Amino acid sequence: MLLSIAYMLMTGMFLGWCCKKIRLPGLVGMIFTGILLGPSMLNLIDDSILGISSELRRIALIIILTRAGLTLNLADLKRVGRPAVLMCFVPAGLEMIGMVLLAPRLLGITGVEAAVMGAVVAAVSPAVIVPKMIQLIEGGYGKKNSIPQMILAGASVDDVFVIVMFTAFAKIARRPVLSIFHCPSHRESRQAF
């Protein structure tokens, strides 16, 4: 397990550095690290790490969102007001509605499956947005209109909103159709008379 962690850290830092040298985000190098060391290529990651990968992702999301929350300045958000609230819900809501309206026609899937897919598409990556917005805030960019603060708050609340919507749509998708919309079959309605 320790050897796998060492491989991931060293390769991730090296590929992240290489990507920064060619003007790509360092995160791209870390994604390549996962592909390279993962089970589809070199298979150098211990199975015990792969077994706890979902818990590790949750911990990483908690750390990223906590960092975003500690960076936010509440006075700036209050000053911006309505646009900050709209950034939290409108983009993700429109993406989900668009997916629900278009996916059944284009992909031949059900409305509930389209809603689940819309929640996945609507999610923004806090691993990309939060560090960049913190960098802009620390650099003093957009301070007059609090733009980085607004994007940071919007991305953080957007993630929570999309996770809640995804969980709700996924639970609805797992239930049988008759238990959600109980409509008796023709035989049941005839037997009632």
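Residues 130 to 322 in the numbering used here are what the sequence shown spells out, letter by letter.
We put the CB at the ideal spot given by N, CA and C, even for glycine.
Computed from a predicted model, the values in this text were never measured in an experiment.
{"Item": "Between the region 212-219 and the region 180-188, can you find at least three pairs of beta-carbon atoms closer than 8 Å?", "Value": "no"}
{"Item": "What residue range is occupied by the uninterrupted alpha helix (DSSP H) comprising THR140?", "Value": "131-150"}
{"Item": "May I have the straight-line CA-CA distance separating GLY283 from SER254, to the nearest angstrom?", "Value": "12 Å"}
{"Item": "Helix, strand or coil for GLY210 per DSSP?", "Value": "coil"}
{"Item": "Which of the three DSSP states, helix, strand or coil, is assigned to ASP175?", "Value": "coil"}
{"Item": "Helix, strand or coil for ALA302 per DSSP?", "Value": "helix"}
{"Item": "Could you tell me the boundaries of the alpha helix (DSSP H) in which THR200 lies?", "Value": "182-200"}
{"Item": "Could you give the distance in angstroms between the alpha-carbon of ILE346 and the alpha-carbon of PRO277?", "Value": "Because the chain here runs from 130 to 322, residue 346 falls outside it and cannot be looked at."}
{"Item": "Give me the Cα-Cα distance between SER318 and VAL241, rounded to the nearest whole angstrom.", "Value": "Here SER318 scores only 45 on pLDDT, less than 50, and its place in the model should not be relied on; the value that follows carries that caveat. If you take the alpha carbons of SER318 and VAL241, they lie about 27 Å apart."}
{"Item": "List the endpoints of the continuous alpha helix (DSSP H) containing ILE266.", "Value": "255-268"}
{"Item": "Looking only at C-alpha atoms, which of ALA252, VAL157 and GLY167 sits nearest to VAL293?", "Value": "ALA252"}
{"Item": "Is DSSP giving MET228 helix, strand or coil here?", "Value": "helix"}
{"Item": "Expressed to the nearest angstrom, what Euclidean distance is found between the alpha-carbon atoms of VAL257 and ILE238?", "Value": "31 Å"}
{"Item": "Just to confirm, are VAL245 and ALA299 a CB contact at a threshold of 8 Å?", "Value": "yes"}
{"Item": "Less than 8 Å between the C-beta atoms of TYR136 and LEU173, yes or no?", "Value": "yes"}
{"Item": "Taking a contact to mean a Cβ-Cβ separation below 8 Å, would you say PHE295 touches ALA232 in this structure?", "Value": "no"}
{"Item": "Out of ILE181, TRP146 and THR140, point me to the one whose CA is closest to GLY163's CA.", "Value": "THR140"}
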